[in-house]
Amino acid sequence: QVQLVQSGAEVKKPGSSVKVSCEASGGAFSSNLIHWVRQAPGQGLEWMGRTIPINGITGYSVNFKGRMTITADKFTSTIFMELSRLTSDDTATYYCARGDFYSFDLWGQGAKVTVSS
Amino acid sequence: QSALTQPPSASGSPGQSVTISCSGTSSDVGGYNYVSWYQHHPGDAPKLLIYEGDKRPSGVPDRFSGSRSGNTASLTVSGLQTEDEAFYYCSSYAGSDYYVVFGGGTKLTVL
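Note that the protein sequences, when read in sequence, are chains F and Y. The first sequence begins at 13 in the numbering used here and counts up by one. The second sequence begins at 576 in the numbering used here and counts up by one.
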């Protein structure tokens, strides 16, 4: 079964970094793109960035460029999203999602990240 | 503040139709035919309903339809069912700085 399975919830201190993983099984890795989208409490969805796992090409929203890094491990079909210099505004549920350049047809279950001192 | 503007709420009775709008600019909705719509039940992962403005992925009922006119896209849900009660988000390609932008979401209530 094609699915994206994300790592668990994290609690981080302000100023630190978080690394969220997204394991693609059943062929989800292949030639698709993997995107990262987040949702802060009570807020809407926000696109963060994307990668093409087979060649490692990445693209980031201008809102996250410089403090977000997406990497992929082709051997384990796992994509990682690292966000640095965390603030309380980064408290959110982070989703990975498979798709083409413009739409996302398969989503992970989400990983809740809480930034608190 | 979201890049695309959606009404915060919409409602309808079972069997009725409801249309949700998504307003953008010529730099996103009006400039590219890459509007998508997602259904999100809180606690679950979002689900793709419409892509490229009016295309439905396999398995999505034809009660869901998408359209675009100028800088505004719309999602119409016909024959409302109780399970349609959810949040609905539009998104659009927005060029090489933001790539993809979302609307703020619309909470659909089936009365």
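Virtual Cβ for every residue (Gly too), placed ideally from N, Cα, C.
Counting the other Cβ atoms within 10 Å of the Cβ of F87(F) gives fewer than 16, which makes it exposed. Taking the beta carbon of R62(F) as reference, the chain Y residues within 9 Å of it are Y674 and V675, listed in sequence order.
Residue contact check for A620(Y) against chain F: a CB pair falls below 8 Å. Bounds of the beta strand (DSSP E) holding E94(F) are T90 to L95.
Residues of chain Y with a Cβ closer than 8 Å to the Cβ of Y107(F) are, in chain order, A620 and P621.
By the Cβ neighbour-count rule, T657(Y) is exposed, with fewer than 16 other Cβ atoms within 10 Å of its own.
Taken atom to atom, the span from the alpha-carbon of E22(F) to that of Y106(F) is near 11 Å. Listed in chain order, the beta strand (DSSP E) elements of length 3 or more contained wholly in the stretch 609-637 of chain Y are 610-615 and 622-625. For G61(F), the enclosing beta strand (DSSP E) has its first and last residue at L57 to I64. Only exposed fits P53(F), as fewer than 16 other CB atoms lie within 10 angstroms of its CB. Of all residues in the stretch 26-57 of chain F, only H47, V49, Q51, Q55, G56 and L57 come within less than 9 Å of chain Y when Cβ atoms are compared, listed by chain position. Look at the beta carbons and you see the stretch 607-622 of chain Y not touching the stretch 60-77 of chain F: under three pairs across the two are nearer than 8 Å. Distance check between S37(F) and each of Q13(F), K24(F) and G56(F) places Q13(F) closest, using alpha-carbon atoms only. With respect to the 8 Å criterion, V30(F) and L118(F) are not classified as neighbours on the basis of their beta carbons. When 7 Å is used as the limit between beta carbons, S115(F) is near these residues of chain Y: S611, L623 and Y626, in chain order. The criterion of a C-beta distance shorter than 8 Å is not satisfied by Q581(Y) and S592(Y). A residue is called buried when at least 16 other Cβ atoms come within 10 angstroms of its Cβ; T90(F) meets this threshold and is buried.
Here Q51(F) is not near A123(F), since their CB atoms are 8 Å or more apart.
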